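One line per chain: the protein sequences are A and B, in this order. One gets our numbering by counting positions in the first sequence from 1 and adding 14 to each. One gets our numbering by counting positions in the second sequence from 1 and adding 14 to each. Note that CB positions come from ideal geometry on N, CA and C, so glycine has one too. Because the structure is a prediction, the values reported are computed rather than measured. Taking it in order: structure first as structure tokens, then the write-up.
Protein chains: 2
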Amino acid sequence: IADKKNADLRLMMKEFHYADIAEIAEELTKDEATYLIKLLDSEKTSDILAEMDEDLRESILKNLSAKEIAGELEELDTDDAADIVSELPKDIVQEVISEIEDKEHAKDIVDLLRYDEDTAGGLMAKELVKVKENWNVLTCVKEMRAQAENVTRVHSIYVVDDEDKLKGRLSLKDLLTTSTKTHIKDVYISKVDYVTVNEKSEEVAKIMSKYDLEAIPVVDEIGRLVGRITIDDIVDVIREEADKDYQLAAGITQDVEADDSIIELTRARLPWLFLGLIGGIGAFIIMEGFEKILAQGYAILFLFTPLIAAMAGNVGVQSSAIIVQGLANDDLKGSINKRLVKEMLLATLNGIVLAMFLLLFVWLWTKEPQLALAISISLVAVIIVAGLIGTFVPLFLDKRGIDPAIATGPFITTSNDIFGILIYFWIAKLVLGI
Amino acid sequence: IADKKNADLRLMMKEFHYADIAEIAEELTKDEATYLIKLLDSEKTSDILAEMDEDLRESILKNLSAKEIAGELEELDTDDAADIVSELPKDIVQEVISEIEDKEHAKDIVDLLRYDEDTAGGLMAKELVKVKENWNVLTCVKEMRAQAENVTRVHSIYVVDDEDKLKGRLSLKDLLTTSTKTHIKDVYISKVDYVTVNEKSEEVAKIMSKYDLEAIPVVDEIGRLVGRITIDDIVDVIREEADKDYQLAAGITQDVEADDSIIELTRARLPWLFLGLIGGIGAFIIMEGFEKILAQGYAILFLFTPLIAAMAGNVGVQSSAIIVQGLANDDLKGSINKRLVKEMLLATLNGIVLAMFLLLFVWLWTKEPQLALAISISLVAVIIVAGLIGTFVPLFLDKRGIDPAIATGPFITTSNDIFGILIYFWIAKLVLGI
């Protein structure tokens with residue numbers, strides 16, 4: 015389509031939502047996408063840019079002048095604008111900022127740049143509607159109209175005192191239904207949830223979803239209202255958090271996508287595979303230690319090692335996943351000991367059911383009841399230990415302030431492989447009396 | 015605290031948010047929780063009930079009369095009320111509904127009951143603010159005040175024609191800034207995103223988060239406005255979806271939590287463990303087929319089977335996780351063949367790096383270069399095949415309309431264990447010429 019039918023293209027794109035155009039742009043080559051962005055006016059392109067994939071955005075912005083970038087930023091809310099500025103090469107940031115005509119907007123963006131990406135400060139936007147407590151409803155409505163110009167969606171109206179300290183909130187609905195002469199002081203709701211600028215994004219997400227909030231005000235260390243966070247940004251936080259945990263469980267670090275380059279994907283995957291390799295070598299060394307068994311005619315024991323390792327891994331992943339999820343959703347109660355006892359009962363129950371089946375199979379296959387018994391008893395022990403490790407490790411990591419999500423996946427499967435095989439041979443030897 | 019100091023308790027609870035009380039109630043015994051609910055007034059308890067864990071809610075409701083339950087439902091939005099009604103035992107539903115005094119509210123709840131939980135109809139609430147296109151702004155504001163009484167948060171005002179068909183929307187902001195005599199026809203925005211009642215919840219979530227919507231109107235098959243879905247319900251859908259995928263990847267079916275009973279947890283975990291057991295038995299049978307190698311002095315090959323199985327499993331989980339996530343986020347482009355070629359390159363690269371390391375280790379340990387070479391070449395082959403299976407299976411399941419999330423986890427590790435061991439022995443035999 016991009017063979018320069020500008021008028022047609024412009025007309026076509028007018029019909030599309032910016033999120034759709036961003037998706038289309040991602041399908042195009044970089045040059046085509048840049049061309050498309052230059053073609054449309056900045057009111058639309060700014061939203062498209064904010065919506066699109068980081069890598070693509072970066073390469074498009076490279077082809078725009080500082081003035082053009084400033085034009086885009088001018089159209090965006092401060093939070094999205096600050097996100098884009100933080101990705102720009104350091105040497106042009108200064109220039110871009112100075113090209114922004116609306117000095118207030120530029121100042122707000124610069125303010126936001128100093129907050130860490132993963133905190134409330136990094137998520138918030140400067141756009142909000144605030145009123146002073148000693149205004150009356152009429153002044154309030156007038157002021158609000160002016161302020162609302164810059165705010166895409168008014169959620170709550172925040173009430174502040176003369177020092178800009180957050181006092182409470184006011185709903186649009188209340189404002190609609192009170193007389194114009196009433197003082198704000200007398201109608202506002204003093205109970206208002208808020209977060210401070212340094213709160214972790216995950217915490218903000220928990221608070222907002224727990225209390226079903228659609229926007230939350232952000233205050234600085236001394237209680238002054240500095241911004242607000244809206245639920246749509248929180249939806250992104252929740253998604254990213256979930257994606258990260260899912261990838262960690264699968265043994266992938268960093269935030270990679272299927273369409274990233276092979277080098278990026280390797281960097282995210284290889285370290286975990288390497289961990290698995292070390293684990294496998296560990297298992298080999300352990301098995302070599304039991305090699306004498308081979309000579310004694312019990313070679314068959316070695317043929318069950320993949321089964322034992324797989325079961326230890328599976329049980330470990332299951333129990334750690336439940337704990338990691340419980341920690342993430344804040345709904346774990348009771349002590350570590352209680353959890354461990356519960357997991358032990360659960361693992362014993364599951365282990366016995368599975369071991370009965372294995373006993374039957376080995377017995378029928380080999381006609382050696384004692385061997386079947388030895389393998390089955392080992393299996394139960396392995397499952398119990400694997401369950402306990404899977405429960406303990408994430409709880410321990412969490413207590414130490416480490417993200418427990420790394421405990422599910424290669425980390426737990428590898429350690430459980432090793433422990434599993436060790437326990438297996440040790441118990442089998444004991445039962446068989448060799 | 016629950017030793018009957020009613021007045022104190024009531025005062026204390028007044029200070030708390032309902033979400034906090036719900037959390038407190040979950041820590042209490044069932045009797046205490048019921049007692050607490052009976053103590054407080056239904057305006058607050060209804061929200062507490064809506065917020066709390068399903069199991070606890072069920073047992074509390076058992077101790078309430080139909081009239082009391084109806085009182086709670088009366089205070090709730092239709093969507094939350096319908097959720098609670100759908101959990102009640104069938105024989106008392108009729109009675110509870112007939113006890114609801116507000117007949118309109120009761121009708122709305124009954125309407126909502128007929129939609130599937132996982133569709134837009136199951137998520138939506140009947141509460142919304144709608145205006146007719148031929149009203150003027152003044153009538154509109156008057157009508158809205160009345161309607162807004164029942165609506166906790168007004169997001170958009172929906173514009174309908176005389177047949178109740180959705181025509182467009184109006185923002186509160188616009189209403190604030192236009193003259194009172196203007197006709198709605200002339201100011202409303204005709205472009206409005208909507209979903210139909212039968213749309214899947216996941217789809218609704220995708221649409222709302224893609225377009226950053228905070229509420230979306232729901233229309234029936236012929237375009238009549240029947241409800242609206244707000245973003246806070248979508249946040250729950252996203253969380254549940256992520257939790258489900260995470261659990262499936264860890265080999266846990268059904269939506270279980272760490273605090274569920276051992277029986278429930280076993281039911282969710284045992285089937286997947288059983289699958290792993292079958293896989294292990296499969297691996298045993300394959301290895302027995304290669305038993306002749308044992309006699310020929312190559313017993314050492316068997317000591318590497320856990321390593322081979324672990325690597326095959328890890329690679330399979332990694333590649334399937336990336337595909338599953340790409341499918342969930344709708345950002346996979348290009349054909350299956352292209353994906354498979356990419357994964358093959360990636361697996362080859364990772365495989366060679368890992369195999370070099372293994373080669374060195376085995377060589378130094380056994381002083382048998384040919385054996386080391388055989389094992390390393392097998393490892394590369396195993397990793398490539400595991401990567402391809404991990405990529406292909408979720409894409410295949412998705413094409414067939416099956417949730418690809420089941421492909422990550424025990425399903426892929428088990429099949430990769432078997433294929434991995436088979437390929438390993440086969441190639442090792444070939445290279446060693448036995």
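- Using a 10 angstroms sphere on the CB of B:P383, the tally of other CB atoms stays under 16, which defines it as exposed.
- Residues of the region 237-265 of chain B with a Cβ closer than 7 Å to any Cβ of chain A, in chain order: I245, D246, V249, I252, R253, A256, D257, D259, Y260, Q261, A263, A264, G265.
- For the options A:G237, A:V206, A:D130, the alpha carbon positioned closest to that of B:H31 is the one of A:V206.
- A:L393 and A:I307 do not touch by the CB rule: their CB atoms are close to 17 Å apart, not below 8 Å.
- According to the DSSP assignment, A:R353 belongs to the alpha helix (DSSP H) that extends over 350-380.
- Between B:M358 and B:G404, the C-beta gap is not smaller than 8 Å, which leaves the two residues out of contact.
- Shown here for B:I245: same chain residues with a beta carbon closer than 6 Å to its own, the five before and five after excluded, namely E228 in chain order.
- Rounded to the nearest angstrom, the Cβ distance from A:A39 to A:M66 is 6 Å, consistent with a contact under 8 Å.
- Interface criterion met: the Cβ of A:M325 is under 8 Å from a Cβ in chain B.
- For the set A:G265, A:G293, A:G294, the Cα lying nearest the Cα of A:R281 is the one of A:G265.
- For A:K224, a Cβ of chain B is located within less than 8 Å of the residue's own Cβ.
- When DSSP states are grouped into helix, strand and coil, A:N148 belongs to the coil group.
- Counting only runs that start and end inside the region 220-270 of chain B, the beta strand (DSSP E) elements of at least 3 residues fall at 229-233, 239-244.
- With fewer than 16 other CB atoms across the displayed protein chains lying within 10 angstroms of its CB, A:I236 is exposed.
- Annotation for B:G415: no beta strand (DSSP E) segment contains it, and DSSP assigns it neither H nor E.
- Excluding the 5 residues flanking it on each side, A:G365 has same chain C-beta neighbours closer than 7 Å at L393, V394, I397, I398, in chain order.
- When Cβ-Cβ separations below 8 Å define contact, A:D345 makes contact with chain B.
- Counting only residues of its own chain and dropping the five nearest sequence neighbours on each side, B:N430 has a CB closer than 7 Å to the CB of A326, G327, G330, A400, I403.
- Counting every other CB atom within 10 Å of its CB across the protein chains shown gives A:R71 a total of 16 or more, marking it as buried.
- Against chain B, the CB of A:L87 has no partner CB under 8 Å away; the residue lies outside that interface.
- For A:I171, the enclosing beta strand (DSSP E) stretches over residues 170-174.
- Beta bridge pairing from DSSP links B:A342 with no other residue.
- In this structure, B:I243 places its C-beta atom within 8 Å of the C-beta atom of B:M138.
- Beta-bridge annotation (DSSP): A:T210 is paired with A:V233.
- Contacts with chain B at 8 Å (Cβ-Cβ) do not include A:D94.
- In the DSSP assignment, B:R183 forms a beta bridge with B:Y172, B:I203.
- Counting the other CB atoms within 10 Å of its CB gives B:E37 a total of 16 or more, which places it among the buried residues.
- For B:R283, at least one C-beta of chain A is nearer than 8 Å to its own C-beta.
- Chain-ordered listing is empty here: chain B has no CB closer than 8 Å to the CB of A:E131, the nearest sitting near 19 Å.
- Within the region 296-318 of chain B, the residues whose Cβ lies closer than 7 Å to any Cβ of chain A are, in chain order, A297, F298, M301, E302, L308, A313, F316, L317, F318.
- Judged by DSSP secondary structure, A:D105 falls within the alpha helix (DSSP H) whose first and last residues are 104-113.
- For the C-beta of B:L368, the chain A residues within less than 9 Å are, from N- to C-terminus, L284, L287, F288, G290, L291.
- Secondary structure of B:H31 (DSSP, three-state): coil.
- One alpha carbon belongs to A:D269, the other to B:V270, and they sit about 27 Å apart.
- The beta carbon of B:V233 is closer than 7 Å to those of L180, Y208, T210, L239, V240 in its chain, skipping five residues each way along the sequence.
- By the criterion of a C-beta distance shorter than 6 Å, B:W286 is surrounded in its chain by G265, P424, once the five residues flanking it on both sides are discounted.
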